[in-house]
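S.K.: Handing you this structure, nothing more for now.
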Amino acid sequence: LLIMFYSFDEHEATEYGVNEAILLDFLKRDALTEMAHTKDKQPPHNVYIDRFWEGFFPFWTRQEVAKILSSLENEGCIYVIDDNLNGQDCLIITLSAKILF
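Next up, the structure:
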């Protein structure tokens with residue numbers, strides 16, 4: 001059983017929308033967790049989302065997630081690459097400097 005807690009930054013919600021702020025919070029936490037587990041402590045940048053996104057966001061459809069990602073990309077918050085990473089359909093999401101710092 002996966003129990004998730006969702007939060008968002010009120011300034012990001014005002015600027016980009018509540019759904020976008022929720023997804024940004026998730027992406028930032030994921031990237032920072034990854035950074036905490038790496039030895040080189042480089043700034044986090046890549047987040048990989050595959051078919052398991054439904055476990056993290058059961059309240060959004062795949063189309064809604066695509067729309068939110070597109071909105072964030074249009075705002076310059078993230079960069080998205082559709083990739084076939086090791087044979088798995090996934091998106092590589094790079095967080096922009098304006099979101100990280």
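Numbered per this note's numbering, the sequence shown spans residues 1 to 101. Each residue gets a CB set at the ideal place from its N, CA and C atoms; glycine is no exception. No experiment lies behind these values; they were computed from the predicted model shown.
Could you please give me the residues that DSSP links to Ile78 through a beta bridge?
M.R.: In DSSP, Ile78 forms a bridge with Leu95.
S.K.: Pick helix, strand or coil for Asp9, following the three-state DSSP scheme.
M.R.: In the structure shown, Asp9 sits in coil (DSSP, three-state: anything other than H, G, I, E or B).
S.K.: Quick one: residues in its chain with C-beta nearer than 6 Å to the C-beta of Glu75, no 5 flanking neighbours on either side, listed in chain order?
M.R.: Counting only Cβ-Cβ distances below 6 Å, and skipping sequence neighbours, we find Tyr16.
S.K.: Give the secondary structure of Asn19 by DSSP, where H, G and I count as helix, E and B as strand, and everything else as coil.
M.R.: DSSP places Asn19 in helix when its eight states are reduced to three.
S.K.: With 16 as the cutoff for other CB atoms within 10 Å, does Glu12 come out buried or exposed?
M.R.: Buried, since its Cβ has 16 or more Cβ neighbours within 10 Å.
S.K.: Assuming Leu91 and Val80 make a contact with CB atoms under 8 Å, what is their CB distance in whole Å?
M.R.: About 6 Å separates the two Cβ atoms, so the contact holds.
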